[in-house]
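Chains F and C, in that order, are what the protein sequence lines are.
For the first sequence, the working numbering begins at 122 and goes up steadily by one.
For the second sequence, the working numbering begins at 122 and goes up steadily by one.
Remarks on the structure that follows.
Protein chains: 2
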Amino acid sequence: MSAKKQRSRLSDVAQLAGVSPATASLVLNKRVTGNVRIPPETQERVFAAAAKLGYVANPVAQSLAKGRNGLLGVFTFEAIFPITQRDFYYPFLVGIESAAETLGYDLLLFTSASTGDGRRRIYRNGQNRLRLADGAILLGIEDSKDELRALVEEGYPFVFVGRRELPGAELSYTAADYAGATAALIDRIYNAGHRRIAYIGVDQHTESALDRRRGYQEGLLHNGLTFDEELMCLVPDARFDQTAMQKLLELGVTAVVVEIGPIISAVLNACKEMALDVPGDMSLGVLGNPFGDMEDMSYFSGFSIPREEMGAQAVHLLIRMLNENSFHGPQRVVLPCTPVTGSTIAAPRSRA
Amino acid sequence: MSAKKQRSRLSDVAQLAGVSPATASLVLNKRVTGNVRIPPETQERVFAAAAKLGYVANPVAQSLAKGRNGLLGVFTFEAIFPITQRDFYYPFLVGIESAAETLGYDLLLFTSASTGDGRRRIYRNGQNRLRLADGAILLGIEDSKDELRALVEEGYPFVFVGRRELPGAELSYTAADYAGATAALIDRIYNAGHRRIAYIGVDQHTESALDRRRGYQEGLLHNGLTFDEELMCLVPDARFDQTAMQKLLELGVTAVVVEIGPIISAVLNACKEMALDVPGDMSLGVLGNPFGDMEDMSYFSGFSIPREEMGAQAVHLLIRMLNENSFHGPQRVVLPCTPVTGSTIAAPRSRA
DNA sequence: GTCATTTGATAAAGCGCATTATCAGGGAAT
DNA sequence: ATTCCCTGATAATGCGCTTTATCAAATGAC
């Protein structure tokens, strides 16, 4: 129909108010302090003109001029809103959003970075699109550390949600104390009377998985048990079956701790098919919040990951980094997990 | 520690390559067509220089120069990731994200617009922060139409997810065909043998609610039933109780259709407490996908709202609007709902 | 050898705003 | 009357990139 109504610019406001663009800018941004003096009446004229024209500053121009724009990037290596793992990411996002809201930042979700195969890349033909935001929060499982390394070298400010280590470069993150929580869980299981406790997980070597396994060993040691390589059961693709369970039984195992994810179902199924009662015949500790089609969370004994808090803290950390001009070394926050009593840990049958 | 490594600019690349910034820009953006000619060797020099410096274009400056930035805004009137309604917004976001990803746009979440009371405003002291993005997708329930009207008058391109009408101004949206789906549901209930069908909803007058109620009336008419004002049961705050149910029973009601939300629980509770079997004593049709702590969705008879599709279509619509220079009138998409068989509709007891 | 055309590239003008050093003018103090 | 200082503002520059009209030199045509 008609031509698009032309947006009014700062200079339009200035003209209408009979002042210079500089004055208008100062007034509208409330920068009338120190040796800049604009009498109230003039300010009124500017405000009136702005209101009359429906003036809205162009944020892009503002960003360019002042070098920052109040945007926090959120980058995930998979889709941000995955259907399959919605319950996994959701709490992080809740925390991130609420912190950003409180602190007055907007969130930029990098959805354009798709590679077509469902994965995402930070760099594409050399361009780092993250730079559109003042800084970014990263989450998810990265394919390789190369992009992270490049980001660090660029000097781009970011915080990972979840511990990430990069040899030679220290990066910032918020993490859950998986090791401590796992060790504490082992304590509980030990105190329930168990002496042969197996670890079941997927054959993956993320930092968080390493933390859990370290916690497992520490928990054993702490209770005077020795670490038995045979009880560390890592399977590919969550393929834990009756055979595997049989093996553990033959080794005298009366309790297991299990990583979260589909593998929990696999373990439960194995028990069911072998007519093993949980926790009667086999106690079960879960290393985090089960998610997906898992039943009521409070059924499982284990601990709860402070996901929301991790998200929120990541935002706080990032903003702190953005506000300090000089580099103060990597920022890190490790948050405690909350024990969940549940009802899958009991005394071993032989003792009962 | 050390000063932040200075980012290299386009002019640095140009200098290193021994060309002008203009040339560098043209080469890096692959704009060497038409009457702009740069021989391959020169182009190589530019690429090499860019690679050597690790050059990354500043997206903010690019945006300012070209007048758009590839950002799609997402604005919700409540928090985007509310804990209570997670299942409600999530599917929209899935659709929005996947469409944005496909089309190569990033998403800008306006979380800074909080008013402190959990609600959000588009305008704050006259500033429309949405303008950070090229266009925006709006969702959620607005407090008033004032902001929408202002947005329209500004000429800002946006698409609402969900039908929204604004007297005097036509706006773009993607909607679900609630009226049609509700009418079809009434058909099913009628065909099951019911002749007194009540409508239970909350006392709210959003467009979608009006659509459902219109569909209810149309469904009745279509089956030769007359609309009885007494069977239209709108309660405030989802407070549907035994008294209300008793009234309906006395009016001969054998089936009800219920809006989605907490009110479903209220209705189920009332039935339970009155020892009314569903669907034996009372058939129940649900006007959409139940969400929240509701039981398995396939339990309820009703229909499914194409939420994901609505989100995705909104993105497509918006991008189409952005790409056409002249205004072509409001863009609208109405999507059909899918019937869900469920098991809460049966023949009325008196007929069985 | 002259003129027309093509090639290779660039200068310059924005995009819309922020920032700071500077300045004209008027009143107060001397 | 001169100096000084304060008030009220602004000119000018820059942020980093895009875009287009323009142009000098090289090439080709006759």
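Yeah, the Cβ is synthetic: ideal placement off N, Cα and C, and Gly gets one too.
Hey, how far is the Cα of residue i from the Cα of residue j?
{"i": "I258 (chain C)", "j": "H437 (chain C)", "result": "11 Å"}
{"i": "T197 (chain C)", "j": "T327 (chain C)", "result": "16 Å"}
{"i": "S464 (chain C)", "j": "V399 (chain C)", "result": "9 Å"}
{"i": "V134 (chain C)", "j": "A221 (chain F)", "result": "36 Å"}
{"i": "S123 (chain F)", "j": "S233 (chain F)", "result": "Unreliable placement is indicated for S123 (chain F), whose pLDDT of 38 sits below 50; no coordinate value is reported for it."}
{"i": "N156 (chain C)", "j": "E274 (chain F)", "result": "39 Å"}
{"i": "Q363 (chain C)", "j": "L397 (chain C)", "result": "11 Å"}
{"i": "E218 (chain F)", "j": "L346 (chain F)", "result": "43 Å"}
{"i": "L342 (chain C)", "j": "D324 (chain C)", "result": "23 Å"}
{"i": "Q367 (chain C)", "j": "R285 (chain C)", "result": "35 Å"}
{"i": "G139 (chain F)", "j": "L131 (chain C)", "result": "37 Å"}
{"i": "F421 (chain C)", "j": "Y226 (chain C)", "result": "37 Å"}
{"i": "G336 (chain F)", "j": "F348 (chain F)", "result": "12 Å"}
{"i": "R309 (chain C)", "j": "E291 (chain C)", "result": "34 Å"}
{"i": "K151 (chain F)", "j": "R128 (chain F)", "result": "22 Å"}
{"i": "V454 (chain F)", "j": "T236 (chain C)", "result": "29 Å"}
{"i": "I440 (chain F)", "j": "T154 (chain F)", "result": "26 Å"}
{"i": "A170 (chain C)", "j": "P160 (chain C)", "result": "16 Å"}
{"i": "A186 (chain C)", "j": "F209 (chain F)", "result": "40 Å"}
{"i": "S141 (chain F)", "j": "Q248 (chain F)", "result": "38 Å"}
{"i": "A271 (chain C)", "j": "H449 (chain C)", "result": "19 Å"}
{"i": "G188 (chain F)", "j": "L228 (chain F)", "result": "17 Å"}
{"i": "E350 (chain F)", "j": "M403 (chain F)", "result": "20 Å"}
{"i": "Q206 (chain F)", "j": "S386 (chain F)", "result": "15 Å"}
{"i": "F361 (chain F)", "j": "N390 (chain F)", "result": "9 Å"}
{"i": "N444 (chain C)", "j": "E394 (chain C)", "result": "57 Å"}
{"i": "M418 (chain F)", "j": "I204 (chain C)", "result": "16 Å"}
{"i": "C392 (chain F)", "j": "M442 (chain C)", "result": "57 Å"}
Below 7 Å between beta carbons: does that hold for residue i and residue j?
{"i": "Q164 (chain F)", "j": "V148 (chain F)", "result": "yes"}
{"i": "G340 (chain C)", "j": "I307 (chain C)", "result": "yes"}
{"i": "V388 (chain C)", "j": "S425 (chain C)", "result": "no"}
{"i": "M431 (chain C)", "j": "T295 (chain C)", "result": "yes"}
{"i": "G301 (chain F)", "j": "P278 (chain F)", "result": "no"}
{"i": "L106 (chain F)", "j": "V282 (chain F)", "result": "Lying outside 122 to 473, the shown extent of chain F, residue 106 (chain F) is not represented and no answer is given."}
{"i": "A359 (chain C)", "j": "I384 (chain C)", "result": "yes"}
{"i": "P451 (chain C)", "j": "S329 (chain C)", "result": "no"}
{"i": "L193 (chain F)", "j": "A143 (chain F)", "result": "no"}
{"i": "L287 (chain F)", "j": "L269 (chain F)", "result": "yes"}
To which residues of the same chain is residue i closer than 6 Å at the C-beta, ignoring the five residues directly before and after it?
{"i": "A313 (chain F)", "result": "I466, A468"}
{"i": "L230 (chain F)", "result": "V195, I201"}
{"i": "R333 (chain F)", "result": "Y299, T303, L408"}
{"i": "A507 (chain C)", "result": "Nothing about residue 507 (chain C) can be reported from this structure: the residues present for chain C run from 122 to 473 only."}
{"i": "E199 (chain F)", "result": "G261"}
{"i": "Y311 (chain C)", "result": "N344"}
{"i": "R472 (chain F)", "result": "Residue placement at R472 (chain F) is poorly supported in this model, since its pLDDT is 43, which falls under 50; the coordinates are not used for a value here."}
Which chain F residues sit within Cβ distance under 8 Å of residue i?
{"i": "P180 (chain C)", "result": "R250, R252, L253"}
{"i": "G191 (chain C)", "result": "S233"}
Who are the Cβ neighbours of residue i in its own chain at under 8 Å, not counting the five residues just before and after it?
{"i": "A319 (chain F)", "result": "L352, M353, C354, L369, L372, V374, A376, V377, V378"}
{"i": "I381 (chain C)", "result": "V407, L408, G409, N410, P411, F412"}
{"i": "L456 (chain F)", "result": "T295, A296, A297, D298, P427, E430, M431, Q434"}
{"i": "P357 (chain F)", "result": "V323, D324"}
Within the same chain, show all residues whose beta-carbon is closer than 7 Å to that of residue i, passing over the 5 residues directly before and after it, in chain order.
{"i": "G401 (chain F)", "result": "A467, R470"}
{"i": "S184 (chain F)", "result": "N190"}
{"i": "A305 (chain C)", "result": "P460"}
Using a cut-off of 9 Å between C-beta atoms, extract the partners of residue i located in chain F.
{"i": "F196 (chain C)", "result": "None at all; the shortest Cβ gap to chain F is about 10 Å."}
Mind pulling the chain C residues with CB within less than 7 Å of residue i?
{"i": "S184 (chain F)", "result": "V181"}
{"i": "L228 (chain F)", "result": "L230, T232"}
{"i": "R207 (chain F)", "result": "Y211"}
{"i": "G225 (chain F)", "result": "S233"}
Using a C-beta to C-beta distance shorter than 9 Å, which residues of chain C count as neighbours of residue i?
{"i": "G256 (chain F)", "result": "Near G256 (chain F) there are no residues of chain C at all, since even the closest Cβ is about 12 Å away, more than 9 Å."}
{"i": "G261 (chain F)", "result": "Going along chain C, no residue has its Cβ under 9 Å from G261 (chain F), so there is no contact; the nearest lies around 14 Å."}
In chain C, which residues lie with their C-beta within 8 Å of the C-beta of residue i?
{"i": "E222 (chain F)", "result": "A200, T232, S233, S235"}
{"i": "E218 (chain F)", "result": "A200, I201, F202, L230, T232"}
{"i": "E167 (chain F)", "result": "For clarity, residue 167 (chain F) is Val in the given sequence; the question names Glu instead. Within 8 Å Cβ-Cβ: nothing; V167 (chain F) doesn't reach chain C, min ~12 Å."}
Is the segment 260 to 280 of chain F touching the segment 233 to 247 of chain F in the sense that three or more CB pairs, one from each, lie closer than 8 Å?
-> yes
Inter-stretch contact at 8 Å, needing at least 3 Cβ pairs: the segment 212 to 219 of chain C / the segment 171 to 181 of chain C = no
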